[in-house]
Amino acid sequence: MNNRKFILDKRPQAQITDDLFKLVTEPLPTLKDGEVLVRNQYLSLDPTHRIWMSDMEQYMPPIALGEVVRAGGVGVVTESKSPLLKTGDLVMGLLGWQDYSLHPAAALRPLPKEMDIPPTAFLSVLGLTGMTAYFGLLDITAPKAGETLVVSGAAGAVGSIVGQIGLIKGLRVIGIAGTDAKCAWLTKELGFHGAINYKTQDVKKALAELCPKGVDIYFDNVGGATTEAVWSNLNMYARVSLCGMISGYNDGKPIPGPRNYSLILMKRLKVQGFIVSDYGARWPEAIGEMYQWVKQGRIKYAEDIVEGLENAPRAVNKLFDGSNTGKLILKC
Ligand SMILES: NC(=O)c1ccc[n+]([C@@H]2O[C@H](COP(=O)([O-])OP(=O)(O)OC[C@H]3O[C@@H](n4cnc5c(N)ncnc54)[C@H](OP(=O)(O)O)[C@@H]3O)[C@@H](O)[C@H]2O)c1
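First residue of the sequence shown: 125, per the working numbering; consecutive thereafter.
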């Protein structure tokens with residue numbers, strides 16, 4: 125039995141391309157006491173792959189050259205030398221771009237058996253992106269009913285959940301996304317009050333029309349020109365949850381700040397970045413609440429599943445050309 129794995133061979137200068145990786149085939153490892161072998165089933169493809177593959181200043185060590193590409197995932201235990209997990213258990217953890225992965229059993233979380241939901245949900249709505257939406261909105265911005273929320277990257281894995289949590293909390297919710305089809309999905313399917321196509325509309329003007337009382341909360345997934353346009357519509361004392369800046373990840377150089385940075389001062393804005401792993405200890409509480417919202421039909425989630433480990437380098441670019449709707453996942 126062999127394992128195929130993608131090794132990072134070079135760092136990207138712009139887009140992620142096939143030649144950055146080596147696809148290596150090697151025999152399955154032998155387990156030591158306390159370890160388990162996992163057959164990886166679903167891998168999470170995330171914008172942060174582009175960050176981890178670079179050597180820019182970041183929130184955890186970059187992937188080292190020669191190392192398997194880091195990725196969260198869900199898989200099934202196929203062999204165990206630990207009392208903590210047994211063969212057949214479904215688990216999640218940092219599995220990597222490979223068919224099989226070896227772990228100390230304590231490094232993996234078993235999937236909650238009592239939740240009647242497909243395992244991919246633990247990579248999307250009940251996983252990294254759902255948790256990002258939950259804590260990035262509720263904890264960072266403390267929303268109050270009646271306020272206006274704007275979310276960029278609104279039809280994506282994080283953004284679509286942010287908007288729906290906003291609706292549950294009684295906010296007026298406006299989404300910004302890159303196609304008319306995504307905007308229609310936000311307003312017609314998810315119940316957003318409005319949506320703006322940033323590729324065809326003047327975002328600053330459209331927001332002023334859609335938000336006559338101004339914007340109280342901005343959940344920022346993209347940075348760049350969209351952020352400048354939203355900031356111009358923010359109210360005094362507005363709160364900004366800085367979640368991501370995908371518009372600049374492929375630039376290969378430091379991302380410049382918004383040209384209207386002075387608005388932080390003029391409008392007394394509160395701008396806070398966060399990383400979802402900061403909230404690791406509180407994930408069970410959030411997963412429980414989000415699961416209830418999904419079961420009650422108050423949160424809908426979309427997944428975009430690409431098949432085949434060998435397609436990982438090309439599939440991840442769907443995040444950057446906008447061809448994903450909802451959580452991008454690779455089925456091994
Ligand atoms: N802070 C954290 O802990 C944390 C955790 C997870 C994710 N994030 C961040 O959250 C953001 C969303 O991540 P996700 O996993 O939910 O991805 P996603 O939104 O499902 O997919 C990425 C989307 O970004 C949009 N996009 C791509 N290039 C863009 C550009 N140049 N300008 C504007 N939009 C662009 C595309 O949508 P359009 O068609 O609308 O352009 C694309 O579908 C990312 O910035 C990511 O880094 C942060």
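For each residue, glycine too, the CB sits at the ideal point set by N, CA and C.
How big is the Cα-Cα spacing for residue i and residue j?
{"i": "Arg296", "j": "Gly432", "result": "40 Å"}
{"i": "Tyr403", "j": "Arg233", "result": "15 Å"}
{"i": "Phe398", "j": "Phe343", "result": "11 Å"}
{"i": "Ala301", "j": "Ile320", "result": "6 Å"}
{"i": "Ser204", "j": "Met239", "result": "24 Å"}
{"i": "Asn441", "j": "Pro382", "result": "25 Å"}
{"i": "Gly299", "j": "Leu452", "result": "19 Å"}
{"i": "Asp179", "j": "Val274", "result": "31 Å"}
{"i": "Thr350", "j": "Asp157", "result": "52 Å"}
{"i": "Ala405", "j": "Asp170", "result": "22 Å"}
{"i": "Lys293", "j": "Met125", "result": "51 Å"}
{"i": "Val418", "j": "Pro242", "result": "12 Å"}
{"i": "Ala436", "j": "Leu389", "result": "43 Å"}
Decide if residue i is buried, meaning its Cβ has at least 16 other Cβ atoms within 10 Å, or exposed.
{"i": "Gly315", "result": "exposed"}
{"i": "Met184", "result": "exposed"}
{"i": "Gln222", "result": "buried"}
{"i": "Gln329", "result": "First, the residue type needs correcting, since residue 329 is Lys and not Gln in the sequence shown. By the neighbour-count rule (16 or more Cβ atoms within 10 Å), Lys329 is not buried but exposed."}
{"i": "Ser248", "result": "buried"}
{"i": "Asp142", "result": "exposed"}
{"i": "Ala231", "result": "exposed"}
{"i": "Arg194", "result": "buried"}
{"i": "Glu271", "result": "buried"}
{"i": "Thr211", "result": "exposed"}
{"i": "Tyr224", "result": "buried"}
Do residue j and residue i come within 7 Å of each other at the CB atom, strictly closer than that value?
{"i": "Glu427", "j": "Gly446", "result": "no"}
{"i": "Ala119", "j": "Ile285", "result": "Any answer about residue 119 is impossible in this case: the structure gives the chain only from 125 up to 456."}
{"i": "Arg128", "j": "Thr154", "result": "no"}
{"i": "Ile264", "j": "Ser365", "result": "yes"}
{"i": "Gln288", "j": "Ile423", "result": "yes"}
{"i": "Leu250", "j": "Ile370", "result": "no"}
{"i": "Val162", "j": "Ala229", "result": "no"}
{"i": "Val198", "j": "Phe246", "result": "yes"}
{"i": "Leu454", "j": "Leu167", "result": "yes"}
{"i": "Val192", "j": "Gly220", "result": "yes"}
{"i": "Ala138", "j": "Gly376", "result": "yes"}
{"i": "Asn374", "j": "Glu352", "result": "no"}
{"i": "Ala362", "j": "Leu334", "result": "no"}
- Query: Mind pulling the alpha helix (DSSP H) runs of 4 or more residues that sit fully within the region 216-264?
  - Reply: Complete alpha helix (DSSP H) runs here, min 4: none at all.
- Item | Within the region 135-221, ranges of the beta strand (DSSP E) (whole runs, at least 3 residues) | List check, beta strand (DSSP E) in window: 145-151, 159-168, 196-204 and 214-218.
- Query: At what residue ranges does the region 266-300 contain a whole run of the beta strand (DSSP E), taking only runs of 3 or more?
  - Reply: With a minimum length of 3 residues, the continuous beta strand (DSSP E) runs that stay inside the region 266-300 are 272-276.
- Length at least 3, wholly inside the region 309-355: the beta strand (DSSP E) runs in chain order: If one requires a minimum length of 3 residues, the beta strand (DSSP E) runs lying completely within the region 309-355 are 318-321 and 339-344, in chain order.
- Query: In chain order, which alpha helix (DSSP H) runs of at least 4 residues are fully inside the region 362-424?
  - Reply: Taking only runs of at least 4 residues, the alpha helix (DSSP H) segments lying wholly in the region 362-424 are 387-390 and 407-419.
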